[in-house]
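Asks:
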Amino acid sequence: MERSKPPVRGKSSLTMQIHGCRHDNDRSCNSCNDDGVKRVVPFLSFSLPPSFPLSLKQQTTKMGLEVEEPITTTEQSTAPETRSLSSPQKVQNNLTVTSTLPIVQPHALLPQPVPPTASLRNDVTVSSAFGKFFHQRRHELSSAISRGISTLKHQTDDALKKNKNEGVTEFNLSGLKIFVAVKKNAPFSQRRISFFSRSNCRECSAVRSFFRERALSFVEINVDVFTERDKELRERTGSTTVPKIFFGEKLIGGLVELNALRKDGNKEFERQLKDAEGEGPAAPVYGFDEAAEETVKEEADEETLKVVKVLRQRLPIQDRVLKMKIARNCFAGSELVEFLVRNHGYAPAKAVEIGKQLCKKHFIHHVFGENDFEEGNHFYRFIEHEPLISKCFNFRGATYDSEPKAAAAVCDRLTKIMCAILESYASEDRQRVDYLAISKSEEFRRYVNMTQDLQRVNLLELSENETLAFFLNLYNAMIIHAVIRVGCPEGVINRRSFSEFHYLIGGHPYSLSAIKNGILRSNRRSPYSLIKPFGSGDRRLELALVKMNPLVHFGLCNGTKSSPKVRFFSPYRVAEELRCAAREFFENDGIEVDLEKRTIHLTPIFKWYSGDFGQEKNMLKWIINYLDANKAGLLTHLLDEILLIDRTICKPKSGAKMVIFVSVKEGASR
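Just so we're aligned, residue 1 is where the sequence shown starts under full-length UniProt numbering, counting upward by one.
1. Going along the chain, which residues of its own chain have a beta-carbon closer than 6 Å to the beta-carbon of Lys405, five neighbours each way excluded?
2. What residue range is occupied by the uninterrupted alpha helix (DSSP H) comprising Arg208?
3. Classify Gly590 as buried or exposed, calling it buried when 16 or more other Cβ atoms lie within 10 Å of its own Cβ.
4. Return the chain-ordered list of same chain residues with a C-beta closer than 8 Å to the C-beta of Ala514, the five sequence neighbours on each side being excluded.
5. Buried or exposed: where does His637 fall if 16 or more other Cβ atoms within 10 Å of its Cβ makes it buried?
6. Could you check whether the Cβ of Ala544 sits closer than 7 Å to any heavy atom belonging to the ligand NAP?
7. Give the secondary structure of Ile193 by DSSP, where H, G and I count as helix, E and B as strand, and everything else as coil.
8. Report the three-state DSSP secondary structure of residue 671 (helix, strand or coil).
9. So, under 8 Å CB-CB, Ala276 and Arg212 are touching, yes? Tell me the CB distance rounded to an integer number of Å.
10. Does the count of Cβ pairs from the region 434 to 453 and the region 466 to 473 closer than 8 Å reach three?
11. Threshold first: 3 residues or longer. Then list the beta strand (DSSP E) segments lying entirely within the region 286 to 361, N to C.
12. Short check: CB of Gly254 to CB of Lys267, under 8 Å?
13. The alpha helix (DSSP H) spanning Gly611 covers which residue range?
14. By how many angstroms is the C-alpha of Tyr447 removed from the C-alpha of residue 672?
15. Is it right to say Gln615 is buried, meaning 16 or more other beta carbons lie within 10 angstroms of its own, or is it exposed?
16. Considering just the uninterrupted stretch of the beta strand (DSSP E) at Lys244, what are its terminal residues?
17. By the DSSP assignment, the beta strand (DSSP E) with Arg381 in it spans what residues?
18. When the Cα atoms are used, what is the spatial distance from Asp26 to Cys557?
19. Answer yes if the region 414 to 431 comes into contact with the region 217 to 225, meaning at least three C-beta pairs across the two stretches below 8 Å, and no otherwise.
20. Between which two residues does the alpha helix (DSSP H) harbouring Val256 extend?
21. How should Ala477 be labelled, buried or exposed, when 16 other C-beta atoms within 10 angstroms of its C-beta is the threshold for buried?
22. Please state the DSSP three-state secondary structure of Asn222.
23. What does DSSP give as the partner residues of Pro509 in its beta bridges?
24. Label residue 709 either buried or exposed according to how many other C-beta atoms from any shown protein chain fall within 10 Å of its C-beta, with 16 as the threshold for buried.
25. Could you pull the DSSP bridge partners for His366 from this structure?
26. My guess is that Tyr400 and Arg456 are in contact by the Cβ rule of under 8 Å, so how many angstroms apart are they, rounded?
27. Mapping DSSP to helix, strand and coil, what is Val566?
28. Take the Cβ of Pro564 as the centre, count every other Cβ of all protein chains shown within 10 Å, and call the residue buried at 16 or more, exposed below.
29. Straight-line CA distance for Thr227 to Gly507?
30. Would you check if the distance between the CB atom of Tyr346 and the CB atom of Glu442 is smaller than 8 Å?
31. Within its chain, find whatever has a CB closer than 7 Å to the CB of Arg271; leave out the 5 residues flanking it on each side and keep chain order.
32. Do Ala544 and Ile519 come within 8 Å of each other at the CB atom, strictly closer than that value?
33. Residues in its own chain within less than 7 Å of Phe568 by CB, not counting five upstream and five downstream?
34. So if DSSP puts Leu251 in a beta bridge, which residue, or which two residues, is it bridged to?
35. Please state whether DSSP places Val483 in a helix, a strand or coil.
36. Quick check on this structure: which residue in Glu592, Lys607, Ser529, His601 has the alpha carbon closest to the alpha carbon of His553?
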């Protein structure tokens with residue numbers, strides 16, 4: 001019941017009541033109890049003197065409350081009704097304050113979402129005194145540069161007067177003279193060029209390179225990323241093959257038709273581009289998924305999903321002690337079985353079977369990883385209550401409860417999106433990546449959303465080659481995500497924390513270090529570490545590769561100049577693609593042989609992971625298999641001399657010894 005204090009006679013008073021909701025337990029509710037009856041409880045009541053100068057209407061509005069002012073024209077007048085989440089009320093000669101929840105209705109004229117405009121490391125705050133000083137000095141430097149640019153603009157008019165060449169702008173700087181001329185194909189860059197493409201398509205890459213070389217702006221629509229545009233491609237062209245190039249609304253064709261326009265000095269190409277009309281296919285919009293892109297949650301086992309939702313709310317989740325260990329946010333297996341038997345009418349055997357299904361589908365885990373599910377004094381917790389889950393960058397406060405998709409399908413989808421990102425925002429040789437542009441792209445936003453499908457995926461169904469390709473691709477994708485969210489690793493300390501970038505995969509947290517050293521290197525110790533990534537009882541150990549393949553080092557990009565370039569692999573050709581990656585790595589200064597100084601220069605990979613390649617002589621013999629003819633001949637010559645040295649060491653009188661040095665080139669971070 002609601003009560004309000006009557007005003008004191010002779011004094012003007014103001015009574016404020018804030019209504020809340022009281023529930024039997026401490027969980028959040030919607031202003032109701034278990035029996036569905038709303039309870040309105042006076043939570044606070046106070047009076048204000050008549051001389052109080054504060055405008056209650058203004059102050060309570062800031063507090064998120066709704067205030068109704070009285071109407072005092074006559075004694076019988078009443079205040080208008082105030083609607084809130086509680087029951088409507090009428091007030092006479094006083095003010096009543098009720099807590100309300102404003103509801104914002106969507107409107108068609110609301111602004112569309114825009115990509116983030118902050119820097120890559122926008123989550124880093126300056127807290128120390130040194131950081132504030134550095135932040136201030138950086139702003140001063142930026143202001144100085146801005147003033148210099150402004151001065152340069154004022155000098156432009158004088159420079160234009162002295163310019164004798166038509167169409168050329170001249171800038172006169174101290175000790176420097178710069179001429180900027182407009183390119184001949186500039187008028188055509190304003191024309192609308194667009195084409196449909198797919199990831200890892202050679203003809204699409206050729207079309208993209210052709211437009212970039214001529215500085216032509218274009219719109220690329222990758223149907224592997226924007227799957228909802230596949231229907232538009234079929235309607236516009238009558239097929240699903242790519243590339244399909246458009247000049248405005250006119251369909252030009254594929255790569256063959258584009259090459260035909262390049263004859264006669266690109267005259268036909270320029271004519272077709274000049275005659276183009278219309279906008280053509282629309283560019284992808286940031287922040288919106290079409291209806292075809294929105295995946296419908298498959299609830300194959302709807303009964304299990306309902307049980308999980310009820311268990312999260314009704315089970316007694318609390319801290320417990322077992323075997324001198326504290327288990328946080330857990331419940332006993334007997335409590336789960338008892339609840340299912342009492343509230344859902346299941347038989348005890350059926351309740352135990354449901355508990356095993358919840359463990360198999362990664363809804364719950366044993367707190368110490370001892371078993372799947374057993375009735376008794378065994379403690380379990382929901383996956384969102386695991387210690388490291390909240391630190392995973394693909395976890396957003398709640399798990400993805402829909403039926404998990406096939407691991408191979410999820411990996412294929414993520415790989416296509418990341419390949420499209422590299423094709424659009426990386427150089428041709430993949431040595432330079434525009435991370436800032438990636439962070440603002442619609443492709444990256446969709447990639448981040450897709451990573452939630454990894455939370456409860458079943459990785460044990462993958463074959464050995466599929467597991468290898470899955471974790472190779474996921475590692476390289478996580479590197480790009482980590483650089484955007486954390487920043488480039490600089491120094492040993494930052495690199496160590498950078499390696500702890502986590503994803504929730506198959507019900508368990510995986511860091512970059514765990515994927516590289518625990519899975520791909522068959523659970524071997526990382527450089528300068530004394531322990532292995534996975535212990536003997538770790539469930540993730542089941543996914544570790546049986547035999548370590550040294551070629552995996554050439555398929556992983558760790559963000560340094562000396563590391564291999566970023567790439568993604570197919571599960572059907574992963575072994576062949578790793579050999580090609582090794583050959584390409586050694587061709588691009590991966591090894592240098594100096595025959596005169598008898599010196600071999602190798603990258604730090606061979607120093608950090610020397611145990612994966614064997615002793616120096618065996619390592620050099622292994623490297624020969626992936627060198628070109630010139631380097632292989634030089635290295636073979638040096639290896640022959642090493643064999644002679646071994647014989648000389650056995651027979652000291654046969655001649656002098658020759659030393660071959662194997663030095664390591666240190667590489668700076670990107």
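We put the beta carbon where it would ideally sit given N, CA and C, even for glycine.
Replies: Reading from the atomic positions:
1. Mapped onto the sequence shown, residue 405 falls at position 405. For Lys405, where only same-chain residues beyond five positions count, the Cβ hits under 6 Å are Asp453.
2. Taking the sequence shown and counting its residues from 1, one reaches residue 208 at position 208. Run containing Arg208: 202 to 213, per the alpha helix (DSSP H) assignment.
3. The residue labelled residue 590 in the question sits at position 590 within the sequence shown. Looking at its Cβ environment, which holds 16 or more other Cβ atoms inside 10 Å, Gly590 is buried.
4. By 1-based counting over the sequence shown, the position of residue 514 is 514. Here the set comprises Pro533, Phe534, Arg540.
5. Working through the sequence shown from its first residue, we reach residue 637 at position 637. Classification of His637: exposed, given that the 10 Å Cβ count is below 16.
6. The model depicted lacks the ligand NAP and carries no ligand whatsoever.
7. To locate residue 193, count along the sequence shown from 1; it is residue 193. Here Ile193 sits in strand by DSSP.
8. There is simply no residue 671 to check, as the chain begins at 1 and stops at 670 in what is shown.
9. To locate residue 276, count along the sequence shown from 1; it is residue 276. To locate residue 212, count along the sequence shown from 1; it is residue 212. That pair is no contact at about 19 Å.
10. no
11. 318 to 322, 325 to 332
12. One-based indexing of the sequence shown puts residue 254 at position 254. One-based indexing of the sequence shown puts residue 267 at position 267. No, Cβ-Cβ distance for Gly254 and Lys267 is not below 8 Å.
13. On the sequence shown, position 611 is the one that residue 611 refers to. Counting along the chain, the alpha helix (DSSP H) containing Gly611 begins and ends at 610 to 613.
14. Residue 672 lies beyond the residue range present for the chain, which begins at 1 and ends at 670; the question has no answer from this structure.
15. Here residue 615 refers to the residue found at position 615 when the sequence shown is read from its first residue. It counts as exposed.
16. For the purposes of this step, residue 244 is identified with residue 244 of the sequence shown, where counting begins at 1. That run of the beta strand (DSSP E) goes 244 to 247.
17. Here residue 381 refers to the residue found at position 381 of the sequence shown. Looking at the DSSP string, the run of the beta strand (DSSP E) that includes Arg381 is 379 to 382.
18. Mapped onto the sequence shown, residue 26 falls at position 26. Mapped onto the sequence shown, residue 557 falls at position 557. Residue confidence is low: Asp26 scores 45 on pLDDT, short of 50, so the model does not pin down where it sits. Its coordinate-derived value is still stated next. Answer to the nearest angstrom: the Cα atoms are 48 Å apart.
19. yes
20. Locating residue 256 in the sequence shown gives position 256, counting from the first residue. Note, Val256: alpha helix (DSSP H), 255 to 261.
21. What you label residue 477 is simply residue 477 of the sequence shown in a count that begins at 1. Classification for Ala477: buried.
22. If you number the sequence shown from 1, residue 222 lands on position 222. Of the three classes helix, strand and coil, the one that applies to Asn222 here is strand, per DSSP.
23. Reading the sequence shown from its first residue, position 509 is the one you call residue 509. Pro509 is bridged to Leu504.
24. In the structure displayed, the chain extends from 1 to 670; residue 709 sits before or after that span and is not available.
25. Indexing the sequence shown from 1 puts residue 366 at position 366. In DSSP, His366 forms a bridge with Tyr380.
26. Position 400 of the sequence shown, counted from the start, is the residue given in the question as residue 400. Position 456 of the sequence shown, counted from the start, is the residue given in the question as residue 456. Right, the Cβ-Cβ distance comes to about 6 Å (below 8 Å), so this counts as a contact.
27. On the sequence shown, residue 566 is found 566 positions in, with the first residue counted as 1. The answer is coil: DSSP assigns Val566 none of H, G, I, E or B.
28. The residue labelled residue 564 in the question sits at position 564 within the sequence shown. It is buried - the Cβ of Pro564 has at least 16 other Cβ atoms within 10 Å.
29. As a working note, residue 227 is residue 227 in the sequence shown. As a working note, residue 507 is residue 507 in the sequence shown. C-alpha separation (whole angstroms): 28 Å.
30. For the purposes of this step, residue 346 is taken as the residue at position 346 of the sequence shown. For the purposes of this step, residue 442 is taken as the residue at position 442 of the sequence shown. No.
31. In the sequence shown, residue 271 corresponds to position 271, counting from 1. So the list is empty, once near-sequence residues are dropped.
32. Numbered from its first residue, the sequence shown carries residue 519 at position 519. Numbered from its first residue, the sequence shown carries residue 544 at position 544. A contact, by the Cβ cut-off of 8 Å.
33. The residue given as residue 568 occupies position 568 in the sequence shown. The residues are Thr415, Met418, Cys419, Asn473, Asn476.
34. Reading the sequence shown from its first residue, position 251 is the one you call residue 251. DSSP, once it has assigned bridges, lists Phe246 as partnering Leu251.
35. Residue 483 sits at position 483 when you count from the first residue of the sequence shown. DSSP places Val483 in helix when its eight states are reduced to three.
36. Position 553 of the sequence shown, counting from 1, holds the residue named residue 553. Out of Glu592, Lys607, Ser529, His601, Lys607 has the C-alpha closest to the C-alpha of His553.
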